[in-house]
Amino acid sequence: MSLNKTALAIIGALALGSTAVQAAPGGGKVNFEGSIIDAPCSLDAKSVDQTVRLDQISNKVLANNGMSDTANFNIELRQCDITTMKKVKITFGGDIDTTDPTLLAIAGTARGAGIELSKGNQKVKLGETLPAHTLIEGDNSLLFGARLKGTTAKDVAVTPGEFNAVANFQLAYE
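So the mapping is simple: our numbering equals the position in the sequence shown, first residue as 1, plus 21.
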């Protein structure tokens with residue numbers, strides 16, 4: 022008898038705990054997602070999935086290996102605790118341009134250009150780890166740049182069109 026009461030209590034608790042609140046008319050729902058990581062810093066949600074606009078760039082600017090202006094972007098590290106790990110190394114990856122392997126390949130209808138990533142005056146080489154950045158206690162903002170660079174042979178026009186590219190990054194703490 023005691024076993025049956027315990028089983029009923031557990032089933033009742035499970036039913037109450039798993040009851041979903043249905044959205045009332047005029048209401049909605051909010052989904053939450055994320056992950057817990059073993060790291061000294063939290064990665065700001067805006068840094069995880071961001072879009073950098075390179076605007077509309079004339080194909081004349083990109084001719085003969087020309088370059089657009091640099092668009093800056095940040096990787097934001099929050100609430101860093103530097104008790105045991107005091108530095109972070111970053112590695113960028115992505116599809117490499119077939120004409121210029123120092124550039125990130127673009128996809129779309131545009132042709133004859135790739136994206137050059139930089140940190141300060143240093144070009145970022147895809148697949149190679151950048152020198153370690155010393156962290157400070159609290160929030161850290163790591164500044165990077167991106168610009169479009171022409172890859173066509175001398176006096177060969179860059180093909181206008183839409184483009185996109187994806188660079189991923191990996192953080193390694195030490």
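The C-beta atom is built at its ideal place from N, Cα and C for all residues, glycine as well.
Does the count of Cβ pairs from the stretch 115–131 and the stretch 91–100 closer than 8 angstroms reach three?
no
Do you know how far the Cα of LYS170 is from the Cα of ALA153?
Taking the first residue of the sequence shown as 1, we reach residue 153 at position 132. Taking the first residue of the sequence shown as 1, we reach residue 170 at position 149. Rounded to whole angstroms, ALA153 to LYS170 spans 27 angstroms at the Cα level.
What distance in whole Å lies between the Cβ atoms of LYS144 and ASN85, which are believed to be in contact at a cut-off of 8 angstroms?
For the purposes of this step, residue 85 is taken as the residue at position 64 of the sequence shown. For the purposes of this step, residue 144 is taken as the residue at position 123 of the sequence shown. The pair is not a contact, with the Cβ atoms about 19 angstroms apart (cut-off 8 angstroms).
Measure from the alpha carbon of GLY166 to the alpha carbon of each residue in PRO181, ASP102, LYS146 and MET106, then state which is nearest.
For the purposes of this step, residue 166 is taken as the residue at position 145 of the sequence shown. Looking at the Cα atoms, LYS146 is the closest of the given residues.
Considering only their Cβ atoms, is the gap separating GLY114 from GLY87 smaller than 7 angstroms?
Here residue 87 refers to the residue found at position 66 of the sequence shown. Here residue 114 refers to the residue found at position 93 of the sequence shown. Contact flag unset, no.
What is the rounded straight-line gap between the Cα of THR40 and the Cα of ASN161?
Here residue 40 refers to the residue found at position 19 when the sequence shown is read from its first residue. Here residue 161 refers to the residue found at position 140 when the sequence shown is read from its first residue. A caution first: THR40 carries a pLDDT of 47, below 50, which makes its placement in the model unreliable, though a value can still be read off. Distance from the CA atom of THR40 to the CA atom of ASN161, rounded to whole angstroms, is 41 angstroms.
Endpoints, alpha helix (DSSP H) assigned at ASN80:
Within the sequence shown, numbered from 1, the residue matching residue 80 stands at position 59. Its alpha helix (DSSP H) spans residues 80–83.
In angstroms, rounded to a whole number, what distance separates the CA positions of SER139 and GLY48?
Residue numbering aside, residue 139 sits at position 118 when the sequence shown is read from its first letter. Residue numbering aside, residue 48 sits at position 27 when the sequence shown is read from its first letter. About 45 angstroms.
DSSP on SER162, reduced to helix/strand/coil?
For the purposes of this step, residue 162 is identified with residue 141 of the sequence shown, where counting begins at 1. Strand.
Following the continuous beta strand (DSSP E) through LYS110, name the residue where it begins and the one where it ends.
Along the sequence shown, one-based indexing puts residue 110 at 89. Here the beta strand (DSSP E) through LYS110 covers 108–115.
Does the Cβ of LEU98 have 16 or more other Cβ atoms within 10 Å, making it buried, or fewer, making it exposed?
For the purposes of this step, residue 98 is taken as residue 77 along the sequence shown, with counting starting at 1. Under this definition LEU98 is a buried residue.
Take GLU7 as the anchor and find which of TYR194, ASP76 and THR72 has the nearest alpha-carbon.
Examination of residue 7 is not possible in this model, given that the chain is present from 22 through 195 alone.
Range of the contiguous beta strand (DSSP E) that encloses LYS67
What you label residue 67 is simply residue 46 of the sequence shown in a count that begins at 1. Premise fails: LYS67 lies in the alpha helix (DSSP H), 66–69, not in any beta strand (DSSP E).
From THR150 to ILE96, what distance separates their C-alpha atoms?
Within the sequence shown, residue 150 is the residue found at index 129, counting from 1. Within the sequence shown, residue 96 is the residue found at index 75, counting from 1. Here the C-alpha atom of THR150 lies approximately 15 angstroms from the C-alpha atom of ILE96.
Starting from the C-beta of PRO181, find all residues in its chain whose C-beta is less than 7 angstroms away, skip the five residues before and the five after it, and write them out in chain order.
Locating residue 181 in the sequence shown gives position 160, where the first residue counts as 1. ASN80 and ALA131, listed in sequence order.
Leaving out the 5 sequence neighbours to the left and right, which residues in its chain are closer than 7 angstroms to LEU164 when beta-carbon positions are compared?
Within the sequence shown, the letter at position 143 stands for residue 164. Excluding sequence neighbours, LEU164 sits near ASN93 and ASN95.
Beta-bridge partners of THR155, as assigned by DSSP
For the purposes of this step, residue 155 is taken as residue 134 along the sequence shown, with counting starting at 1. Bridge partners of THR155: LYS108.
Neighbourhood of PRO61 by C-beta, 6 angstroms cutoff - its chain only, sequence neighbours within 5 removed
Start at 1 with the first residue of the sequence shown, and residue 61 comes out as number 40. The residues are CYS101, ASP102, MET106 and TYR194.
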